[in-house]
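Residue numbers (the UniProt record's numbering): 1 to 284.
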């Protein structure tokens with residue numbers, strides 16, 4: 001793995017604190033034992049063969065699982081039942097995840113949670129590489145090895161500057177704002193989410209003037225507050241603590257944005273199984 005990652009025998013040997021000739025002999029012996037050529041050696045570089053690329057990917061996943069097993073054993077030794085690694089998009093942390101974790105901890109108090117805010121696509125990569133156990137994403141299309149469950153169906157909210165002349169009392173339709181500039185989540189955040197937002201505009205018979213794209217709700221709110229435009233966000237991202245903006249819920253339109261809980265079908269973390277049981281009972 002060291003040679004496959006470094007693609008340089010000297011650097012790999014230094015990383016492993018062994019001699020370069022000794023490492024070269026071990027790799028050569030390994031290739032002879034397996035009957036497989038893993039590296040193409042050139043004067044100035046080392047390149048993985050197709051078999052080497054495959055072995056690196058598969059061993060990487062297995063070594064990650066082995067590390068998780070060992071860490072799990074250490075936690076058991078310390079009186080804990082294990083660890084659950086969660087990835088999430090920001091809107092999931094507003095209310096959903098804290099509620100789920102509190103509910104889970106009342107039943108399973110000796111579990112360690114590792115929480116990371118990660119964008120949608122990196123969560124999928126993390127699940128595939130077993131770097132996280134559970135993700136919370138706004139993606140409708142995921143690899144077939146990934147299981148999904150809807151945990152929240154969200155309405156959209158219009159985000160306006162606090163002193164905008166339109167408010168909940170005189171708002172009738174999004175078409176009232178067709179000449180405004182809009183600040184939207186970047187399609188890289190979630191292509192399916194972006195398409196759904198564009199469909200909202202299409203249903204109101206106009207194409208939005210998109211002045212900014214971002215992946216952070218905090219950036220949207222700051223831009224709206226300073227009159228760079230207005231926006232649409234999931235209701236779960238709205239909060240009373242944001243200053244300088246106001247929200248109007250678009251509960252009359254048909255579009256909803258769904259938050260999915262996702263996990264790898266082959267993940268063998270026993271804590272994951274009990275976590276899923278509790279969530280599924282809450283969201284049948």
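Note that the Cβ used here is the ideal one computed from N, Cα and C, for glycine as well.
Q.
Which same chain residues end up closer than 6 Å to residue 56 when comparing Cβ atoms and leaving out the 5 residues on each side of it in sequence?
A. Start at 1 with the first residue of the chain shown, and residue 56 comes out as number 56. Within the same chain, residue 56 has close Cβ partners 4.
Q. Since residue 353 contacts residue 245 with CB under 8 Å, what's their CB separation in whole angstroms?
A. Outside the displayed span of the chain (1 to 284) sits residue 353, for which this structure offers no information.
Q) Is the segment 157–168 in contact with the segment 232–240, if contact means three or more CB pairs nearer than 8 Å? A) yes
Q | For residue 265, the nearest candidate out of 276, 147 and 239 (CA to CA) | A | If you number the chain shown from 1, residue 265 lands on position 265. That would be 147, whose Cα lies nearest to the Cα of residue 265.
Q: Please decide whether residue 122 counts as near chain E, where near means a Cβ-Cβ distance under 8 Å.
A: Checking the listed chains, one finds no chain E in this structure; it contains a single protein chain.
Q) Nearest-angstrom Cα distance between residue 181 and residue 47? A) For the purposes of this step, residue 181 is taken as the residue at position 181 of the chain shown. For the purposes of this step, residue 47 is taken as the residue at position 47 of the chain shown. Between residue 181 and residue 47, the C-alpha separation is close to 50 Å.
(Q) Using a Cβ distance threshold of 8 Å, determine whether the segment 110–123 contacts the segment 87–95, with at least three qualifying pairs required. (A) yes
Q. For the 8 Å Cβ check, are there 3 or more pairs between the segment 170–186 and the segment 208–219?
A. yes
Q) Near residue 189, which residues of its chain fall below 6 Å by C-beta distance, leaving aside the five closest residues on each side in sequence? A) For the purposes of this step, residue 189 is taken as residue 189 along the chain shown, with counting starting at 1. Excluding residues within five positions, the ones whose Cβ falls inside 6 Å are 215.
Q: May I have the straight-line CA-CA distance separating residue 203 from residue 166, to the nearest angstrom?
A: Numbered from its first residue, the chain shown carries residue 203 at position 203. Numbered from its first residue, the chain shown carries residue 166 at position 166. Going by the C-alpha atoms only, they are around 20 Å apart.
(Q) Let me confirm a value: residue 119 is counted as buried when at least 16 other C-beta atoms fall within 10 Å, else exposed. Which label applies? (A) By one-based count along the chain shown, residue 119 stands at place 119. Buried.
Q: Determine the contact status of residue 9 and residue 26, defining contact as a CB-CB distance below 8 Å.
A: For the purposes of this step, residue 9 is taken as the residue at position 9 of the chain shown. For the purposes of this step, residue 26 is taken as the residue at position 26 of the chain shown. It is not a contact, given that the beta carbons lie outside the stated cut-off.
Q: Name the one or two DSSP bridge partners that residue 245 has.
A: Here residue 245 refers to the residue found at position 245 of the chain shown. BP columns for residue 245 point to 161.
Q: Please confirm if the segment 250–270 is in contact with the segment 139–154, defined as three or more CB-CB distances below 8 Å between the two stretches.
A: yes
Q. According to the neighbour-count rule (16 or more other Cβ atoms, all chains shown, within 10 Å of its Cβ), is residue 106 buried or exposed?
A. Residue numbering aside, residue 106 sits at position 106 when the chain shown is read from its first letter. Residue 106 comes out exposed.
Q. In terms of residues, what are the limits of the beta strand (DSSP E) holding residue 214?
A. In the chain shown, the residue the question calls residue 214 occupies position 214. Its beta strand (DSSP E) spans residues 209–214.
**Q.** Proximity to residue 44 [Cα-Cα], best of 24, 63 and 7
**A.** The count along the chain shown starts at 1 and reaches residue 44 at position 44. For the residues 24, 63 and 7, the minimum Cα distance to residue 44 belongs to 7.
Q: Can you tell me which of the three DSSP states residue 1 falls into?
A: Along the chain shown, one-based indexing puts residue 1 at 1. Here residue 1 sits in coil by DSSP.
Q) Got a sec, what are the start and stop residues for the alpha helix (DSSP H) residue 195 sits in? A) As a first step, residue 195 must be located in the chain shown, where it is residue number 195. Its alpha helix (DSSP H) spans residues 191–203.
Q) Tell me which same chain residues have a C-beta within less than 7 Å of the C-beta of residue 71, skipping the five on either side of it? A) In the chain shown, counting from the first residue as 1, residue 71 sits at position 71. Once the five neighbours on either side are set aside, the close Cβ partners of residue 71 are 83.
**Q.** Run of the alpha helix (DSSP H) containing residue 94, from where it starts to where it stops
**A.** Your numbering for residue 94 matches position 94 in the chain shown. Its alpha helix (DSSP H) spans residues 90–94.
(Q) My output table needs one value for residue 82: the three-state DSSP class, helix, strand or coil. (A) Position 82 of the chain shown, counted from the first residue, corresponds to residue 82. DSSP places residue 82 in strand when its eight states are reduced to three.
Q: Please confirm whether residue 96 and residue 139 have their CB atoms less than 8 Å apart.
A: Along the chain shown, read from residue 1 onward, the residue named residue 96 stands at position 96. Along the chain shown, read from residue 1 onward, the residue named residue 139 stands at position 139. No, they are not a contact pair.
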